[in-house]
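Asks:
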Amino acid sequence: QKEVEQNSGPLSVPEGAIASLNCTYSDRGSQSFFWYRQYSGKSPELIMFIYSNGDKEDGRFTAQLNKASQYVSLLIRDSQPSDSATYLCAAILSGYSTLTFGKGTMLLVSP
Amino acid sequence: NAGVTQTPKFQVLKTGQSMTLQCAQDMNHNSMYWYRQDPGMGLRLIYYSASEGTTDKGEVPNGYNVSRLNKREFSLRLESAAPSQTSVYFCASATGSGYEQYFGPGTRLTVT
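Going down the list, the protein sequences come from chains A and B. If you're matching positions, the first sequence starts at 1 in the working numbering and goes up one per residue. If you're matching positions, the second sequence starts at 112 in the working numbering and goes up one per residue.
As structure tokens, then:
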């Protein structure tokens, strides 16, 4: 059964801290991974994607992929209250051609 | 560019009524998708269209039909609405690989 798992949270961090969001997936053969941000009442917005093992940085965001351990994470440096949202992890699992989404982790950044 | 647009934004239906949700994109994307999002269930794929002229079932297709009218437009039809179809519906589009998807603003549907 295809699965992308996330802790629902909420994950609470103070302003300026590093927020670490984690995601695990069921299939070792999966290749492509995505992070979406969804503000309450809004649609998901693509913020990062990663296809290769290792780190990928984009501004305050870093995506990390470890295929051997089957996890992908998103680090947000210098967290701001405006980062408070639900973060959705998604993957193209082996044998599938469409995205499988996790249920999301709610992040709360307090001033 | 408007990106992905959806109409209507809100809709209330009675059980048994039918309706069509409209989606259009102006990014020249090949792939289009319909998802529903329910509390505690995450985003679930209803139907998708990898290219103009093709459609395929996703994870939860029962009770829905789709039409890929042309490259820009992909509609979702509920023939006989049921309370279990109360949800937020998102349309998305993507380039040929289908991996980097861009979402519309959503339609909030309530079936009473």
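The beta carbon of each residue, even a glycine, is placed where N, CA and C say it ideally should be. Since we're looking at a predicted model, the values are computed, not measured.
Please confirm if residue 103 of chain A has its CB atom under 9 Å from at least one CB of chain B.
Replies: On the first sequence, position 103 is the one that residue 103 of chain A refers to. Yes, residue 103 of chain A counts as interfacial toward chain B.
Asks: Report yes if the CB atom of residue 158 of chain B is closer than 9 Å to the CB atom of residue 149 of chain B, and no otherwise.
Replies: Within the second sequence, residue 158 of chain B is the residue found at index 47, counting from 1. Within the second sequence, residue 149 of chain B is the residue found at index 38, counting from 1. Not closer than 9 Å, so no.
Asks: CB-CB under 7 Å to residue 66 of chain A, same chain, minus the five flanking residues each way: which ones, in chain order?
Replies: As a working note, residue 66 of chain A is residue 66 in the first sequence. Excluding sequence neighbours, residue 66 of chain A sits near 53.
Asks: Taking 9 Å as the CB-CB limit, is residue 212 of chain B close to chain A?
Replies: As a first step, residue 212 of chain B is located in the second sequence; it is residue number 101 there, counting from the start. By this cut-off, residue 212 of chain B is an interface position.
Asks: Taking Cβ-Cβ distances shorter than 8 Å, what residues in chain A pair up with residue 159 of chain B?
Replies: The residue given as residue 159 of chain B occupies position 48 in the second sequence. The answer, in chain order, is 98.
Asks: Which residues in chain B sit within 8 Å of residue 136 of chain A, going by Cβ to Cβ distance?
Replies: Past the boundaries of the shown model lies residue 136 of chain A; chain A is included only from 1 to 111, so the question cannot be answered.
Asks: Tell me the DSSP bridge mates of residue 91 of chain A?
Replies: The residue you call residue 91 of chain A lines up with position 91 of the first sequence. Bridge partners of residue 91 of chain A: A:33, A:100.
Asks: Count the C-beta pairs between the region 13-33 of chain A and the region 117-129 of chain B that are closer than 8 Å, then say yes if the count reaches three, no if not.
Replies: The answer is no - the region 117-129 of chain B does not touch the region 13-33 of chain A, with fewer than three Cβ pairs under 8 Å.
Asks: Please classify residue 16 of chain A: is it buried, with 16 or more other beta-carbons within 10 angstroms of its beta-carbon, or exposed?
Replies: On the first sequence, residue 16 of chain A is found 16 positions in, with the first residue counted as 1. By the neighbour-count rule (16 or more Cβ atoms within 10 Å), residue 16 of chain A is not buried but exposed.
Asks: I'd like to know if the region 185-200 of chain B and the region 135-149 of chain B are in contact, where contact means that at least 3 CB-CB pairs between them fall below 8 Å.
Replies: With a cut-off of 8 Å, the region 135-149 of chain B and the region 185-200 of chain B count as touching, because enough Cβ pairs lie within range.
Asks: Could one say the Cβ of residue 185 of chain B lies closer than 9 Å to chain A's Cβ atoms, at least one of them?
Replies: Here residue 185 of chain B refers to the residue found at position 74 when the second sequence is read from its first residue. Taking Cβ atoms only, chain A never reaches closer than 9 Å to residue 185 of chain B, which makes this a no.
Asks: Residues in its own chain within less than 6 Å of residue 135 of chain B by CB, not counting five upstream and five downstream?
Replies: Counted from its first residue, the second sequence places residue 135 of chain B at position 24. 116, 183, 184.
Asks: Closer than 9 Å, CB to CB, is residue 175 of chain B near chain A or not?
Replies: One-based indexing of the second sequence puts residue 175 of chain B at position 64. Output row for residue 175 of chain B: interface = no.
Asks: Judging by CA-CA distance, which residue of B:181, B:173, B:163 is the nearest neighbour of residue 190 of chain B?
Replies: For this step, residue 190 of chain B is matched to residue 79 along the second sequence. It is B:173.
Asks: Between residue 63 of chain A and residue 50 of chain A, which are expected to be in contact by the criterion C-beta below 8 Å, what is the C-beta distance as a whole number of angstroms?
Replies: Taking the first residue of the first sequence as 1, we reach residue 63 of chain A at position 63. Taking the first residue of the first sequence as 1, we reach residue 50 of chain A at position 50. Right, the Cβ-Cβ distance comes to about 4 Å (below 8 Å), so this counts as a contact.
Asks: Assess contact between the region 5-16 of chain A and the region 99-110 of chain A, defined as three or more Cβ pairs (one per stretch) separated by less than 8 Å. Is contact present?
Replies: Contact holds: three or more Cβ-Cβ distances are below 8 Å.
Asks: Considering only residues of the region 185-222 of chain B, which uninterrupted beta strand (DSSP E) runs meet the minimum length of 3 residues and lie entirely inside it, listed in chain order?
Replies: Counting only runs of 3 or more, we get 185-189, 198-205, 212-214, 218-222.
Asks: Leaving out the 5 sequence neighbours to the left and right, which residues in its chain are closer than 6 Å to residue 162 of chain B when beta-carbon positions are compared?
Replies: Position 51 of the second sequence, counted from the first residue, corresponds to residue 162 of chain B. 141, listed in sequence order.
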